[in-house]
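Here's the structure, in structure tokens; my notes come after.
Numbering (the working numbering), first residue to last: 16 to 313.
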């Protein structure tokens, strides 16, 4: 930051010569009958320059500039890199999709997929009557009612609605607090788990549903193992490896530009802070000068 003091010369030529000698002695520059005092700020702190009293002399604070171009450039580069990443990701998806279609067309894979689908349908059919029978059980009805009430308390705690039925989880003023919401959410989770456990126990106790569940689990495990082998095998495919590398390279560029944008934004923020500080210092000096000269009128 540059701060300048302007003081009028006086005393004609002799005054000018004397002023010049004084300027040389003090490290000032004498130009056209005025002394200019330049004070460079290197610490980032706004201070009054040596021999400059803003109450007696008008002091000019040089306001630094803000260069926002690096931020705009970084934003543009980041947008371009993100577009490239999206294209690379789409390409990888297409390559993987083609490889998966070829894999699923294999007889053994097609058979495993069909077996898993059929097992799911059979399990759903065996489970339906068991789950329907629960609607008449008193313990299930009680668990369902407890779950519904607990979920209402969660909503009441979030909104602070003290007029809602059974809104004990909201505080007495009806306002929302983190503790009240957490307590209500925990109670709701416990109630949901209790209801789920009744369903699990009922299905496990039914012979047909239990047998269908075992068949489904075996079919799903076999298919999942085959899928895991496929996921590993495509890594050796040249087209997939090339597309994967394009995604990784594009992601690396996005990461780099994201960091560059953050750095540029931080620099601009610092420059804006320096401008604000300079303007505040100028206002302070102007006020001190105005107050001092206003008093001289009286």
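The C-beta atom is built at its ideal place from N, Cα and C for all residues, glycine as well.
Open item on the list: Is it buried or exposed, residue 272, if we count other Cβ atoms within 10 angstroms and call 16 or more buried?
Closed with: Here residue 272 is taken as the residue at index 257 of the chain shown, counted from 1. Of the other Cβ atoms in all chains shown, 16 or more fall within 10 Å of the Cβ of residue 272; this residue is therefore buried.
- [ ] Return the chain-ordered list of same chain residues with a C-beta closer than 6 Å to the C-beta of residue 199, the five sequence neighbours on each side being excluded.
- [x] For the purposes of this step, residue 199 is taken as the residue at position 184 of the chain shown. For residue 199, same chain residues with a beta-carbon under 6 Å away, outside a window of 5 residues either side, are 168, 169, 172, 184 in chain order.
Task: Delimiting residues of the beta strand (DSSP E) encompassing residue 77 - done: Residue 77 sits at position 62 when you count from the first residue of the chain shown. Unbroken beta strand (DSSP E) run through residue 77: 74-77.
Open item on the list: Judging by CA-CA distance, which residue of 123, 258, 213, 265 is the nearest neighbour of residue 98?
Closed with: Reading the chain shown from its first residue, position 83 is the one you call residue 98. Residue 265 is the option with its Cα nearest to residue 98.
Task: Cβ neighbour criterion (16 or more within 10 Å) applied to residue 202 - done: What you label residue 202 is simply residue 187 of the chain shown in a count that begins at 1. The residue is buried, with at least 16 neighbouring Cβ atoms inside 10 Å.
Task: residue 300 to residue 74 span [Cα, whole Å] - done: On the chain shown, position 285 is the one that residue 300 refers to. On the chain shown, position 59 is the one that residue 74 refers to. If I take the Cα positions, the gap works out to 7 Å.
TODO: Within 10 angstroms of the Cβ of residue 96, are there 16 or more other Cβ atoms? Answer buried if so, exposed if not.
DONE: Here residue 96 refers to the residue found at position 81 of the chain shown. The residue in question, residue 96, is buried, as its Cβ has 16 or more Cβ neighbours within 10 Å.
TODO: Could you tell me the distance, in whole angstroms, from the CA atom of residue 303 to the CA atom of residue 79?
DONE: For the purposes of this step, residue 303 is taken as the residue at position 288 of the chain shown. For the purposes of this step, residue 79 is taken as the residue at position 64 of the chain shown. So the alpha carbons of these two residues sit roughly 22 Å apart.
TODO: Find the nearest neighbour of residue 129 within the set 143, 238, 153, judged by alpha-carbon distance.
DONE: Stepping through the chain shown from its first residue, residue 129 is reached at position 114. Of 143, 238, 153, the smallest CA-CA separation from residue 129 is found for 238.
- [ ] Could you pull the start and end residues of the alpha helix (DSSP H) that residue 376 belongs to?
- [x] The displayed coordinates of the chain run from 16 to 313. Any statement about residue 376 would go beyond what the structure contains.
Open item on the list: Considering only their Cβ atoms, is the gap separating residue 218 from residue 89 smaller than 8 Å?
Closed with: The count along the chain shown starts at 1 and reaches residue 89 at position 74. The count along the chain shown starts at 1 and reaches residue 218 at position 203. In this structure, residue 218 does not lie closer than 8 Å to residue 89 by Cβ.
Open item on the list: Using only the alpha-carbon positions, how far apart do residue 121 and residue 227 sit?
Closed with: In the chain shown, counting from the first residue as 1, residue 121 sits at position 106. In the chain shown, counting from the first residue as 1, residue 227 sits at position 212. So the alpha carbons of these two residues sit roughly 26 Å apart.
Open item on the list: Out of 248, 247, 91, 232, which one is the CA nearest neighbour of residue 14?
Closed with: Given that the chain is displayed from residue 16 to residue 313, the structure contains no residue 14 and the question cannot be resolved.
TODO: Within its chain, find whatever has a CB closer than 6 Å to the CB of residue 243; leave out the 5 residues flanking it on each side and keep chain order.
DONE: Start at 1 with the first residue of the chain shown, and residue 243 comes out as number 228. The answer is none, since no qualifying residue turns up.
Task: Short Cβ contact (8 Å threshold) for residue 283 with residue 110 - done: In the chain shown, the residue the question calls residue 283 occupies position 268. In the chain shown, the residue the question calls residue 110 occupies position 95. In this structure, residue 110 does not lie closer than 8 Å to residue 283 by Cβ.
Task: Buried or exposed (CB count within 10 angstroms, at least 16 for buried), residue 215 - done: For this step, residue 215 is matched to residue 200 along the chain shown. Exposed is the call here.
Open item on the list: Among the candidates 229, 246, 258, whose CA atom is the shortest distance from the CA of residue 139?
Closed with: Your numbering for residue 139 matches position 124 in the chain shown. Scanning 229, 246, 258 for the CA closest to the CA of residue 139 turns up 229.
- [ ] Return the CA-CA distance between residue 268 and residue 291, expressed in angstroms with no decimal places.
- [x] Taking the chain shown and counting its residues from 1, the one referred to as residue 268 is at position 253. Taking the chain shown and counting its residues from 1, the one referred to as residue 291 is at position 276. So the two alpha carbons sit approximately 34 Å from each other.
TODO: Less than 8 Å between the CB atoms is what I'm expecting for residue 258 and residue 106, so what's the real figure, rounded?
DONE: Looking up residue 258 in the chain shown gives position 243. Looking up residue 106 in the chain shown gives position 91. With 8 Å as the limit, residue 258 and residue 106 qualify as a contact, their Cβ atoms being about 5 Å apart.
Task: Residue from 261, 247, 296, 234 whose Cα sits closest to the Cα of residue 127 - done: The residue labelled residue 127 in the question sits at position 112 within the chain shown. Comparing Cα-Cα distances from residue 127 to each of 261, 247, 296, 234, the minimum goes to 234.
TODO: Check whether the Cβ atoms of residue 286 and residue 81 sit closer than 8 Å, and answer yes or no.
DONE: The residue given as residue 286 occupies position 271 in the chain shown. The residue given as residue 81 occupies position 66 in the chain shown. Against a cut-off of 8 Å, the Cβ pair of residue 81 and residue 286 comes out as a contact.
Open item on the list: So for residue 112, helix, strand or coil by DSSP?
Closed with: Against the chain shown, residue 112 aligns to sequence position 97. Residue state, collapsed to three classes: helix.
Open item on the list: Do residue 71 and residue 305 have their beta-carbon atoms positioned less than 8 Å apart in this structure?
Closed with: Along the chain shown, one-based indexing puts residue 305 at 290. Along the chain shown, one-based indexing puts residue 71 at 56. Against a cut-off of 8 Å, the Cβ pair of residue 71 and residue 305 comes out as no contact.
Task: Alpha-carbon to alpha-carbon, residue 156 and residue 150 - done: Within the chain shown, residue 150 is the residue found at index 135, counting from 1. Within the chain shown, residue 156 is the residue found at index 141, counting from 1. Distance between the alpha carbons of residue 150 and residue 156: 7 Å.
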